[in-house]
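Engineer: Provided herewith is a single structure, encoded as structure tokens, for subsequent inquiry.
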Amino acid sequence: MAVQDTLDFISHSARQTGRFGARLGRLLAPGDLILLDGPVGAGKTIMAQGIAKGLEISEPVVSPSFTIVREYAGRLPLYHIDLYRLAPGSALESIGIEDFLYSDGAVVIEWPDRASALLPAEQLQVSLKVIATTKRGVRMMPASGRASELVAQFRRNAFGV
Numbered sequence: 001m002a003v004q005d006t007l008d009f010i011s012h013s014a015r016q017t018g019r020f021g022a023r024l025g026r027l028l029a030p031g032d033l034i035l036l037d038g039p040v041g042a043g044k045t046i047m048a049q050g051i052a053k054g055l056e057i058s059e060p061v062v063s064p065s066f067t068i069v070r071e072y073a074g075r076l077p078l079y080h081i082d083l084y085r086l087a088p089g090s091a092l093e094s095i096g097i098e099d100f101l102y103s104d105g106a107v108v109i110e111w112p113d114r115a116s117a118l119l120p121a122e123q124l125q126v127s128l129k130v131i132a133t134t135k136r137g138v139r140m141m142p143a144s145g146r147a148s149e150l151v152a153q154f155r156r157n158a159f160g161v
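Residue numbers (my numbering): 1 to 161.
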């Protein structure tokens with residue numbers, strides 16, 4: 001990952017975080033993997049809801065903390081995975097995570113650090129950091145060519161540069 005491929009910006013509200021997610025969702029293609037990282041309350045699920053909106057998913061998107069995986073139908077399938085309740089290194093194979101990673105849809109994973117050994121190199125990490133009550137720092141870090149293309153297109157669409 002080259003430094004110029006990384007994109008940092010500020011979201012000033014939950015609504016804006018959702019809009020950023022929707023812009024990203026409109027760009028996703030089958031096989032894209034988005035890793036959402038940040039502390040509890042940083043806006044990972046709000047970003048995932050925005051991504052779903054960008055994928056033209058009409059049903060409500062909720063955190064899959066208890067079910068671990070939720071599947072949504074839209075322009076392409078979205079597999080929303082939340083690994084918060086799993087211990088790092090636990091038996092992720094038992095939930096069939098690889099079936100989702102190599103599917104016809106896009107995958108969004110919250111708390112990806114719990115599965116880092118199983119995740120393919122082709123990924124886009126989106127880190128959210130709490131700055132103030134409604135303000136979040138967002139950093140997009142592509143780890144591959146496709147993810148770099150996503151960030152470049154997102155940058156053009158969202159910021160005109």
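By construction, the Cβ of each residue, glycine as well, lies at the ideal position given by its N, Cα and C atoms.
#1: If you follow the beta strand (DSSP E) that D99 is in, where does it begin and where does it stop?
#2: Among G160, R136, A147, R146, which has the Cα closest to the Cα of M47?
#3: Can you list, in chain order, the residues of its chain whose CB lies under 7 Å from that of V61, leaving out five sequence neighbours each side?
#4: Rounding to the nearest angstrom, what Cα-Cα distance links I10 and A143 in this structure?
#5: What does DSSP give as the partner residue(s) for Q49 in the beta ladder?
#6: Please state whether DSSP places L78 in a helix, a strand or coil.
#7: Where does the unbroken beta strand (DSSP E) through V107 begin, and where does it stop?
#8: In three-state DSSP terms, what is S11?
Structural biologist: So, from the data block:
#1: Taken as a continuous stretch (DSSP letters only), D99 belongs to no beta strand (DSSP E), being part of the alpha helix (DSSP H) at 97 to 101.
#2: It is R136.
#3: Excluding residues within five positions, the ones whose Cβ falls inside 7 Å are A48, Q49, A52, Y72, H80.
#4: In a straight line, the C-alpha of I10 is about 21 Å away from that of A143.
#5: According to DSSP, Q49 bridges with nothing at all.
#6: If DSSP states are grouped into helix, strand and coil, L78 belongs with the strands.
#7: Per DSSP, V107 belongs to the beta strand (DSSP E) from 106 to 110.
#8: Three-state DSSP puts S11 in a strand.
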